[in-house]
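Take a look at the structure set out below.
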Amino acid sequence: MSSRQPYSGAQRKLVLAFDVGTTFSGISYSILDPGEVPEIRGVTRYPAQEHVGGDSKIPTIIYYDRQGNVRAVGAEAMQEGIEDSAEDEGWTKAEWQLHLRPNTNSASHVTQKIPPLPEGKSAIAIFADFLRYLHQCARTYIEETHANGVELWRSLESRTDFVLTHPNGWEGGQQSLMRRAAVTAGLIPNSSDGQRRLSFVTEGEASLHFCIQSGLTTEAIKQGKGILIVDAGGGTIDISAYKQTSQNVKSFEEMTAPQCHFQGSIFVTNNAKTYLENFLKGSRFVGDIPYITKCFDKTTKLRFRNADDAQFIKFGGLRDKDPKLNIRSGQLKLLGTEVASFFEPSFQCIANSIEQQRATSQTDIASVFLVGGFAASDWLFNNLRDRFTSDGLDISRPDSHVNKAVADGAVSFYLDHFVGARVSKHAYGVNCNRPFQPNNLEHISRSDRKYVDLDGDILLSGGFDVILPKNTKVSEVQEFRQSYCRVAKAREVFQTVDLVIRCYRGTQSEPQWMDIDRNMYSNLCTVTADTSQMHIPVRHLKDRRTTFYRIEYDVILSFGLTELKAQLAWKENGVEKRSPAEVVFDPDELIHD
Numbered sequence: 005m006s007s008r009q010p011y012s013g014a015q016r017k018l019v020l021a022f023d024v025g026t027t028f029s030g031i032s033y034s035i036l037d038p039g040e041v042p043e044i045r046g047v048t049r050y051p052a053q054e055h056v057g058g059d060s061k062i063p064t065i066i067y068y069d070r071q072g073n074v075r076a077v078g079a080e081a082m083q084e085g086i087e088d089s090a091e092d093e094g095w096t097k098a099e100w101q102l103h104l105r106p107n108t109n110s111a112s113h114v115t116q117k118i119p120p121l122p123e124g125k126s127a128i129a130i131f132a133d134f135l136r137y138l139h140q141c142a143r144t145y146i147e148e149t150h151a152n153g154v155e156l157w158r159s160l161e162s163r164t165d166f167v168l169t170h171p172n173g174w175e176g177g178q179q180s181l182m183r184r185a186a187v188t189a190g191l192i193p194n195s196s197d198g199q200r201r202l203s204f205v206t207e208g209e210a211s212l213h214f215c216i217q218s219g220l221t222t223e224a225i226k227q228g229k230g231i232l233i234v235d236a237g238g239g240t241i242d243i244s245a246y247k248q249t250s251q252n253v254k255s256f257e258e259m260t261a262p263q264c265h266f267q268g269s270i271f272v273t274n275n276a277k278t279y280l281e282n283f284l285k286g287s288r289f290v291g292d293i294p295y296i297t298k299c300f301d302k303t304t305k306l307r308f309r310n311a312d313d314a315q316f317i318k319f320g321g322l323r324d325k326d327p328k329l330n331i332r333s334g335q336l337k338l339l340g341t342e343v344a345s346f347f348e349p350s351f352q353c354i355a356n357s358i359e360q361q362r363a364t365s366q367t368d369i370a371s372v373f374l375v376g377g378f379a380a381s382d383w384l385f386n387n388l389r390d391r392f393t394s395d396g397l398d399i400s401r402p403d404s405h406v407n408k409a410v411a412d413g414a415v416s417f418y419l420d421h422f423v424g425a426r427v428s429k430h431a432y433g434v435n436c437n438r439p440f441q442p443n444n445l446e447h448i449s450r451s452d453r454k455y456v457d458l459d460g461d462i463l464l465s466g467g468f469d470v471i472l473p474k475n476t477k478v479s480e481v482q483e484f485r486q487s488y489c490r491v492a493k494a495r496e497v498f499q500t501v502d503l504v505i506r507c508y509r510g511t512q513s514e515p516q517w518m519d520i521d522r523n524m525y526s527n528l529c530t531v532t533a534d535t536s537q538m539h540i541p542v543r544h545l546k547d548r549r550t551t552f553y554r555i556e557y558d559v560i561l562s563f564g565l566t567e568l569k570a571q572l573a574w575k576e577n578g579v580e581k582r583s584p585a586e587v588v589f590d591p592d593e594l595i596h597d
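Going by the working numbering, the sequence shown wraps up at 597, each residue one higher than the last.
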């Protein structure tokens, strides 16, 4: 039973959570009435849906016509005959939101495996179209399901907060793109008030909230041990470790940095396709490979349980046969071990991640909760259980509603906010110039970078100053700050301050120089602050008549929330002043084809 408190707001409000997954998407919501305990509901009715009222998700697919107009979305895009209509009319299909993935080494192998975007359409535009469709579905459902639903929606439309979910590996850049898509879709206005109505949560954290609200974590946390959430979806595998920090209040914190791997169920299908292309090469069935792959994805992959049993892909009729290729009566026979090999990379990825999380956590992990669409695979679940049960690790999965875990959990994140501290995945900092030390070997080896600043100091360029170290536990109210200074000949230079925040993704525990692990550094974002009101005294060089200006300020970064926030601070007459800073993410960090 939920221990959720009554809503304390003064006005009625609507919370909508959109889980836009790689292959399937869902909607959950809650109507907040002052003094009433909020309930989480799911949208279970969509246009053209076969199982009306029984399915909480629709395919993440959009068809566009030649003019770029939306022609079919979700379940509509899966109706019989839609592919014939698409071919006749020249429609193109957009699927898989992995086009928004980060531009990192871990995501680089995905590029060749995902379908290309329709010509003339960006990932942001497609994401916006899908958000617009989900918003309309939510409206229709609420208007048709609730008493006086049309008036209810009208009264809440301007008082709706949105929560968007994303994989653990998505960072500020991807949130920035999603925010732009939300504005384009008309969910929120492009204003400060509008921006405050949109929040983000990782799929791992949303899944934790779902498990807590479903009572699944009760036994696991009684002994003070940690739990591991494995959200196995269509595109990504998200691994997150948590422990409870208070027995009286449901409060949790991350124990280790969360992980995100591109090894979801779509890559099992991709492995099957690669096998089929090699196996059927030169045969008359080569042209059928896309359809055979689709049949595998819809049937064989879902039924697969035992590698000892032969598996069949039904794709044709009685006349489709070739005994040499194990094809009889339109069925391709495969060894169970061959099908298991399609799953093996994903299984090994999950197993290795579980072991890594256990090894790096200071708290024993007792339980693993497998959620997400891929969690429905009996082969995956049974093999994980066989692998870890002997180590005393309990592997379990919800027996129902696995496909609505993230959407429901996103609403719970908004309402309940169980996670109070998170762990930084990388080191964050800025380029810096260090005072040259003539007796320091590290400095001597880089002496070609020496220069004399305006104030006469000898500095060495190419340093990296860490503001937030990797694997640091960060509470939501905690600020990380570092002091910096700048000098210039003209006061006008300091109307604004622009500072590039860099991310170090390598293995050094204390990175100090940019020329070590050079490829592991990337520009995360630019922090821009208005410093025109800052008091900047005039300075003079010793024994010289040169006039210059010097400003001293602190960069303040807040990482504890699900979004990066930044401020600049300085002192005037002993009093600290702050300027909110705009965070602009570097386009090179983003993939938005």
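Backbone N, C-alpha and C fix where the C-beta goes; we use that ideal spot for every residue, glycine too.
(message) Helix, strand or coil, according to DSSP, for I369 in the structure here?
(response) In this structure, I369 counts as strand in the three-state DSSP scheme.
(request) Name the two residues that bound the continuous alpha helix (DSSP H) containing Q179. (result) 176–188
(request) Compute the distance between the beta-carbons of V491 and D459, then report whether it is under 9 Å. (result) yes
(message) Please state the DSSP three-state secondary structure of N527.
(response) strand
(message) Going by the DSSP bridge assignment, what does H544 pair with across the sheet?
(response) According to DSSP, H544 bridges with T551.
(request) Compare the C-beta of P38 with all C-beta atoms of chain B and state if any pair is closer than 9 Å. (result) Considering every chain present, this structure includes no chain B. It has just one protein chain.
(request) Assuming A132 contacts A189 (C-beta within less than 8 Å), just tell me the rounded distance between them. (result) Going by Cβ atoms, the distance from A132 to A189 rounds to 4 Å, so yes, they are a contact pair.
(message) Quick check on the DSSP output: what are the complete beta strand (DSSP E) runs of length 3 or more inside the segment 26–112, in order along the chain?
(response) 28–36, 61–63, 65–68, 74–77, 96–99
(request) Measuring alpha carbon to alpha carbon, tell me which of S350, E359, D312, F351 ends up nearest L338. (result) D312
(message) Quick check on G85: buried or exposed, where buried means 16 or more other Cβ atoms within 10 Å of its Cβ?
(response) exposed
(request) Identify whether M5 lies in helix, strand or coil by the three-state DSSP scheme. (result) Bear in mind that the predicted position of M5 carries a pLDDT of just 45, short of 50, making it too unreliable to give a figure here.
(request) Please report the residue range of the alpha helix (DSSP H) in which S269 lies. (result) 269–283
(request) Starting from I233, follow the beta strand (DSSP E) in both directions and report where the run begins and ends. (result) 230–236
(message) Output needed for V579: all residues of its chain with C-beta closer than 7 Å, excluding positions within five of it in sequence on either side, in chain order.
(response) none
(message) Short of 7 Å in beta carbon distance, which residues of its chain neighbour Q83, apart from the five on each side in sequence? Order them along the chain.
(response) A52
(message) In whole angstroms, give me the CA-to-CA distance for P541 and E483.
(response) 28 Å
(request) Compare the Cα-Cα distances from D23 to each of N152, T511, V410, Q248 and report the closest residue. (result) V410
(request) Give the range of the alpha helix (DSSP H) segment to which K298 is assigned. (result) Segment 293–299, the alpha helix (DSSP H) holding K298.
(request) Could you check what DSSP says for Y145 in three-state terms: helix, strand or coil? (result) helix
(message) Out of Y557, I520, S345, which one is the CA nearest neighbour of A533?
(response) Y557
(request) Inspect the CB distances between the segment 355–366 and the segment 230–238 and report whether three or more fall short of 8 Å. (result) yes
(message) Considering only the alpha carbon of each residue, which of C215, Q335, F266 lies closest to V292?
(response) The sequence as given places Asp at residue 292; Val does not occur at that position. Out of C215, Q335, F266, Q335 has the C-alpha closest to the C-alpha of D292.
(message) Could you give the first and the last residue of the continuous alpha helix (DSSP H) run that contains S159?
(response) 153–160
(request) Taking all protein chains shown into account, decide if C489 is buried (16 or more other Cβ within 10 angstroms of its Cβ) or exposed. (result) By the 10 Å Cβ count, C489 comes out exposed.
(message) On the DSSP letters alone, give me the boundaries of the beta strand (DSSP E) that A492 sits inside.
(response) Segment 484–492, the beta strand (DSSP E) holding A492.
(message) Only counting the same chain, and skipping five residues up and downstream in sequence, which positions put a Cβ closer than 7 Å to that of A142?
(response) L20, I31, Y33, V47
(request) Identify the continuous beta strand (DSSP E) that holds I505 and give its terminal residues. (result) Counting along the chain, the beta strand (DSSP E) containing I505 begins and ends at 500–508.
(message) In whole angstroms, give me the CA-to-CA distance for P171 and Q263.
(response) Each residue's alpha carbon lies about 9 Å from the other.
(message) Suppose you measure from the CA of S428 to the CA of K474; what does that come to, to the nearest Å?
(response) 5 Å
(message) In the DSSP assignment, the alpha helix (DSSP H) including T341 goes from what residue to what residue?
(response) 340–364
(message) Report the start-end ranges of each beta strand (DSSP E) in the segment 195–225 that is 3 residues or longer and not cut off at the edges.
(response) 202–206
(request) Could you name the residues of the same chain whose beta carbon sits closer than 8 Å to that of W517, not counting the 5 residues immediately before and after it, in chain order? (result) E446, R450, G466, G467, F468
(request) Would you give the residue range spanned by the alpha helix (DSSP H) that V410 belongs to? (result) 409–420
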